[in-house]
Amino acid sequence: MKEVNMKKVKIEEIIRFLSEDVQRIEGKYENLWINKIASYCNAKKNSLDWINHTKNNKQIIAESSNAKVLIVDDSVKYTELLKDQNKVLIYVENPRRIVAKIGNEFFVKKLEKSIHFSVIIDSKATIGQDVYLGPNVIIGDSIIGDNVIIYGNVTIYDCVEIGNNVVINSGTVLGADGFGYEREENNGLVKFPQIGRLIIKDNVEIGANSCIDRGALEDTIIGEGTKINNLCHIAHNVKIGKNVLITGQINISGSCIIEDDVLISPNATIRDHIYIGKGAHIGMGSVVTKNVPAGETWIGNPAKFYKKKK
Amino acid sequence: MKEVNMKKVKIEEIIRFLSEDVQRIEGKYENLWINKIASYCNAKKNSLDWINHTKNNKQIIAESSNAKVLIVDDSVKYTELLKDQNKVLIYVENPRRIVAKIGNEFFVKKLEKSIHFSVIIDSKATIGQDVYLGPNVIIGDSIIGDNVIIYGNVTIYDCVEIGNNVVINSGTVLGADGFGYEREENNGLVKFPQIGRLIIKDNVEIGANSCIDRGALEDTIIGEGTKINNLCHIAHNVKIGKNVLITGQINISGSCIIEDDVLISPNATIRDHIYIGKGAHIGMGSVVTKNVPAGETWIGNPAKFYKKKK
Amino acid sequence: MKEVNMKKVKIEEIIRFLSEDVQRIEGKYENLWINKIASYCNAKKNSLDWINHTKNNKQIIAESSNAKVLIVDDSVKYTELLKDQNKVLIYVENPRRIVAKIGNEFFVKKLEKSIHFSVIIDSKATIGQDVYLGPNVIIGDSIIGDNVIIYGNVTIYDCVEIGNNVVINSGTVLGADGFGYEREENNGLVKFPQIGRLIIKDNVEIGANSCIDRGALEDTIIGEGTKINNLCHIAHNVKIGKNVLITGQINISGSCIIEDDVLISPNATIRDHIYIGKGAHIGMGSVVTKNVPAGETWIGNPAKFYKKKK
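Protein chains in written order, with the numbering used here: chain A, 1 to 310; chain B, 1001 to 1310; chain C, 2001 to 2310.
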């Protein structure tokens, strides 16, 4: 099978890129190259291996790795054995963060900014600079900021305002009407008007097949830097703060307020009009029916207090 | 940022439209206009404000609103203060219902009935009058009624029959095969034929990215006036009655029967072959493993009886 | 309304097709034909009816069926009454399996292998023989095997490898980036590189609107013969074995290992890095926070041991 990421990258190039992040280097790295970043157990000769600072047996990992080059912190010693193995150790403060930096620079494919010919854009829409709009994207009477990436098959309705540096994955639907029905005396259902906006601030990233509805009479707002995973449902009038992590299949009902830095674990459900305080954590599969104070972790169905952040 | 809904609507026009819904009017409304309907705390001078009849402090809300014109019920008095503020009070029986009526008439964008050039329709399909089919809609060998709205990126397989006045939001998939596999003695999985229809009756509305499967040997049926929110999964052979409210991320497994007027709260899961009686309510995040009698509320995992409707 | 499946099939043709699966036949079947396979209670004169071997009252079902022809096992007697009714009984070992075989052969529509003109394929992609690619399918720099069926509006990113005889339903998104973010000291979120592959082995079938992410530094793998239903989320680095049944709205977080023949019931949530042993069963709506040994059934939130397979 086809191997992904078979690009060769010279160690010298990586060291130049890392610059001051490198504390020191042991071993001869001239003319060495890598074609892959290793995961914890699949390193080959030309992988770049790395040792998370949280591991216990770092010295053993370094000495038994198949890789020639490793990113480590200073708790790993450059032993005679490592020297005999001709291994190169690149010392940094936080190996995981540095590996992310290397991967993002050298191995993540750069999208060419372009608008695919099949994209359908409303004549009243405003599209920013340097955007990538993938095949079959549909954009209504809405505003798209600069440097935005929208993958194929995304649908954006009217009255959506998207900031800069936003990423939206395939199949996601933004700005559809919220689910607002009034039951009449004859049990018929009458729709309440859904005429607010959906505002998505800068640096937000949204996974695949998620749905974020427009507001009813006010706006739905997703705060700066917030990340939303696949298959999430965010209902009308919800206000989400900055740098919130919303993992897979989360359900946030109408008019909730989620403050900055909250973490919501997979498949949690939040009742409408709930307030979740700054930095709170909602556990996996929780069903939240009460307000959650800042810094607290709640879990279960129904969700209850579990612990408080120190 | 661009303001949505900046259309000006004259109060006189609204009063003419409401006609007999208006009980009486206080204040001079000639030449006044609005450009927005207020939500509970964001009223500006030219918003139409309104006071829900369930509120306690209606008089205070009326007197402190920034809006010139308010929709109220007769428990709000037209005080000297309101008069001095030159406020206009339009008296109706149910302000929330009247606001919905005004919003739907004046502020909800009317879709122009049309079939986008990118729509792909099977040559054996039947399409009704006055439909809106958005970009990239795919329709198999199926039947679409009159006055149906199907937003972009919806996929309709074969053997789907959709009534009149139905609305389907983007990303929804109708009529895919149900999940029917038999485990063989060697642990292999053989597919059971999925050859029934999916029948969607008049006035049904379906959210974004939901999935409703065709029947196996019988039909899947969604009853008249039923509303389904985003990211719901409705499996093969399910029969849903009239005016049922199915909120976000509901999972209804195969062959369930859901009677009229049921309410299913977000992220509930219903086991296959379950019967839910008329007017029952299934709580948020519930996991229903037993039949639920009419008029009862069940909650929890597993769901248990909670209360009975009076 | 239009009737689906109105094709006429002669009983003689069915008997010829079944060949050695038929143990014996009672009654005169010459010139008889069917146009439908009956479900348990909707048989008409020209339906093919059948009696599941698990039923108690098989003789009564046979004698009261409206159908002329029934597939039965040898516990049903060909009584005088059945004879007087001119009914035809086709005896087989497992009626349900035989009905599946007949349905799949005569009533399931055969897709013509073809690539719709609207399909968008990356110039570096490899596409196998005899594939069906429906309207608006998007395929990145990926590999598609032989005899693969991909319904309309599916999105496949780069670095996805799909084996032979795979079926993917509409709206599904394969190979998007996993959800990997590191919280920095200033609470900002930095993305960890997502550069692994998504590998889908032969005979896998995937429902509508599901999402399976590519790996981060390793690969995400879906094993041979595994079936995945609608609206499932399978995160980066997950390894799923052979013939696993993943029902609707399942959430499998990053780096889980699911062994062969596991059954995961609807709307279950599996925490990241969890191991689920061969043949285990995870109950509906369960929230799995611990490893599950082979052959065990776990249920609840949080999931606990319920029983062990004999």
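Built from N, CA and C at the ideal position, the CB exists for glycine as well.
Residue range of the beta strand (DSSP E) that residue i falls in?
i: arginine 183(A); result: 181–183
i: lysine 2317(C); result: Any answer about residue 2317(C) is impossible in this case: the structure gives chain C only from 2001 up to 2310.
i: arginine 24(A); result: 24–26
i: lysine 2191(C); result: 2189–2191
i: glycine 1175(B); result: 1173–1176
i: valine 2160(C); result: 2160–2162
i: leucine 198(A); result: 198–200
i: threonine 2289(C); result: Counting along the chain, threonine 2289(C) falls outside any beta strand (DSSP E), and DSSP gives it neither H nor E.
i: isoleucine 195(A); result: Premise fails: isoleucine 195(A) is in no beta strand (DSSP E) and is neither H nor E.
With burial defined as no fewer than 16 other Cβ atoms inside 10 Å of the residue's Cβ, what is the status of residue i: buried or exposed?
i: aspartate 1073(B); result: buried
i: isoleucine 2221(C); result: buried
i: phenylalanine 1305(B); result: exposed
i: histidine 2273(C); result: exposed
i: lysine 2002(C); result: At lysine 2002(C), the pLDDT of 48 sits below 50, so the modelled position is not reliable; the number obtained from the coordinates is stated separately. Result: exposed.
i: threonine 269(A); result: buried
i: glutamine 2023(C); result: exposed
i: asparagine 2056(C); result: exposed
i: cysteine 41(A); result: exposed
i: lysine 45(A); result: exposed
i: serine 64(A); result: exposed
i: leucine 2189(C); result: buried
i: glutamate 1161(B); result: buried
i: leucine 2081(C); result: exposed
Measuring alpha carbon to alpha carbon, tell me which residue in the options is nearest residue i.
i: glycine 1140(B); options: Tyr1132(B), Gln1129(B), Ser1123(B), Val1148(B); result: Ser1123(B)
i: lysine 1242(B); options: Tyr1091(B), Ser1253(B), Ile1228(B); result: Ile1228(B)
i: isoleucine 276(A); options: Leu231(A), Lys290(A), Ala268(A); result: Lys290(A)
i: isoleucine 1149(B); options: Asn1301(B), Ile1120(B), Gly1128(B); result: Gly1128(B)
i: glycine 163(A); options: Val204(A), Ala208(A), Lys239(A); result: Val204(A)
i: valine 1173(B); options: Gly2285(C), Asn2153(C), Leu2032(C), Gly2248(C); result: Asn2153(C)
i: threonine 2155(C); options: Asp2146(C), Ile2138(C), Val2167(C); result: Ile2138(C)
i: asparagine 1066(B); options: Tyr1157(B), His1053(B), Ile1037(B), Val1167(B); result: Ile1037(B)
i: isoleucine 1326(B); options: Gly1225(B), Val1190(B), Phe1192(B); result: Outside the shown range of chain B, which is 1001 to 1310, sits residue 1326(B), and nothing can be said about it.
i: asparagine 2187(C); options: Glu259(A), Pro135(A), Val238(A); result: Glu259(A)
i: lysine 113(A); options: Val131(A), Cys159(A), Lys8(A), Ser47(A); result: Val131(A)
i: serine 2075(C); options: Asp2084(C), Lys2058(C), Leu2018(C); result: Lys2058(C)
i: isoleucine 1121(B); options: Leu1133(B), Lys1309(B), Lys1110(B); result: Leu1133(B)
i: threonine 1247(B); options: Asn1237(B), Leu1231(B), Ile1257(B); result: Leu1231(B)
i: lysine 2083(C); options: Asn2094(C), Val2069(C), Arg2096(C), Glu2093(C); result: Val2069(C)
i: glutamate 2030(C); options: Asn2086(C), His2053(C), Trp2050(C); result: Asn2086(C)
i: phenylalanine 1107(B); options: Tyr1151(B), Tyr1078(B), Lys1007(B); result: Lys1007(B)
i: glutamate 1185(B); options: Val2009(C), Glu2013(C), Asn2094(C), Thr2054(C); result: Asn2094(C)
i: threonine 2054(C); options: Lys2310(C), Arg2096(C), Arg2016(C), Lys2110(C); result: Arg2096(C)
i: lysine 109(A); options: Asp2158(C), Phe2017(C), Lys2077(C), Lys2278(C); result: Asp2158(C)
Going by DSSP, what residue range makes up the alpha helix (DSSP H) through residue i?
i: leucine 1018(B); result: 1011–1018
Beta-carbon separation of residue i and residue j under 8 Å?
i: glutamate 2182(C); j: alanine 100(A); result: yes
i: serine 1255(B); j: arginine 1271(B); result: no
i: asparagine 2267(C); j: asparagine 1209(B); result: no
i: isoleucine 1090(B); j: isoleucine 1025(B); result: yes
i: isoleucine 2240(C); j: serine 2265(C); result: no
i: glutamine 1194(B); j: glycine 1180(B); result: yes
i: alanine 303(A); j: alanine 294(A); result: no
i: isoleucine 61(A); j: leucine 48(A); result: no
i: glycine 215(A); j: arginine 197(A); result: yes
i: glycine 285(A); j: alanine 235(A); result: no
i: glycine 27(A); j: valine 88(A); result: yes
i: aspartate 21(A); j: isoleucine 143(A); result: no
i: alanine 176(A); j: asparagine 1136(B); result: no
i: valine 1287(B); j: asparagine 1301(B); result: yes
(request) Give, in chain order, every unbroken run of the beta strand (DSSP E) that is at least 3 residues long and sits entirely within the stretch 2038–2103 of chain C. (result) Runs of the beta strand (DSSP E) inside the stretch 2038–2103 of chain C: 2047–2050, 2069–2072, 2088–2091.
(message) Threshold first: 4 residues or longer. Then list the alpha helix (DSSP H) segments lying entirely within the stretch 1240–1279 of chain B, N to C.
(response) List check, alpha helix (DSSP H) in window: nothing returned.
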